[in-house]
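Undergrad:
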Amino acid sequence: MILFGSSKQLDVLFDSSIIFIDAIHQGRYFYYNQRINRRIKSLGLSTTYAEGDEIRSCCRKLMALCLVPLQEIEDQFYNLRASLDSRLKQELRQLFLHFQNHWMIDIPLQMWNFHDTPHRTNNICEAFHSRLNRRIERSYTEKNEGVRPNPSK
């Protein structure tokens, strides 16, 4: 399996003279959220995002669209937009327009939908080892609590 994480890597893929018939072309969840966060900042919504629970909640729901089933993305996007009061709609208008034009029209939904995607990275393994190491360290510390190194050595 070949993974492409950035738009530059996808450009290389699409400009390539070799076609990978069995390849699955899909982005990464981290980069998807990072791009939306950058758009929030570029639209000057950082302060309102940090201070306003309603706007933050709405933006997070927008980011979570990549986790819903593929056939429900459009309906959930329009439901989210319709559920906002007029003030929020006005504040988030540019963000919703960008999302609709870029993520729903320019980029195929399959490339950024992660609903049925199996884990592709070793993050699960790393998390397991991190928890295991913490438990071992805690257990070791509890057993050797009374043992102190000799300061004279």
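Following our numbering, the numbering of the sequence shown begins with 5 at its first residue and continues without gaps.
For glycine and all other residues, C-beta sits at the position ideal for the given N, C-alpha and C.
Small disclaimer: the values here were computed from a predicted structure and weren't measured.
1) How close, in whole Å, do the beta carbons of Leu-99 and Arg-64 come, if the pair is a contact with beta carbons under 8 angstroms?
2) Asp-110 by DSSP, collapsed to three states: which one?
3) Taking Gln-205 as the reference, which of Phe-103, Pro-112, His-102 and Asn-105 has the closest Cα?
4) In or out: Tyr-36 buried (at least 16 other Cβ within 10 Å) or exposed?
5) Let's test the definition: count the other Cβ atoms within 10 Å of the Cβ of Ser-66 and tell me whether it reaches 16, buried, or not, exposed.
6) By Cβ distance, which residues of its chain are closer than 8 angstroms to Cys-62, with the 5 residues on each side in sequence left out?
7) What residue from Cys-70, Gln-114, Thr-52 and Thr-51 has the CA that sits closest to Gln-38's CA?
8) Would you kindly work out how many angstroms separate the C-alpha atoms of Cys-129 and Phe-34, rounded to a whole number?
9) For Ile-109, is the classification buried or exposed, using 16 other Cβ atoms within 10 angstroms of its Cβ as the cut-off for buried?
10) Buried or exposed for Ile-140, going by 16 or more other Cβ atoms inside 10 Å?
11) Residue range of the alpha helix (DSSP H) that Arg-60 falls in?
12) Are there 16 or more other CB atoms within 10 angstroms of the CB of Leu-170, so buried, or fewer, so exposed?
TA: Result, derived from the coordinates:
1) Incorrect: roughly 12 angstroms between the Cβ atoms, too far for contact.
2) helix
3) No answer is possible for residue 205: it lies beyond the span of the chain, which begins at 5 and ends at 157.
4) buried
5) What sits at residue 66 in the sequence shown is Leu, not Ser. By the neighbour-count rule (16 or more Cβ atoms within 10 Å), Leu-66 is buried.
6) Leu-84, Leu-88, Leu-92 and Leu-96
7) Cys-70
8) 17 angstroms
9) exposed
10) Ile-140 comes out exposed.
11) 57-68
12) This structure cannot settle anything about residue 170, because the visible part of the chain is limited to 5 through 157.
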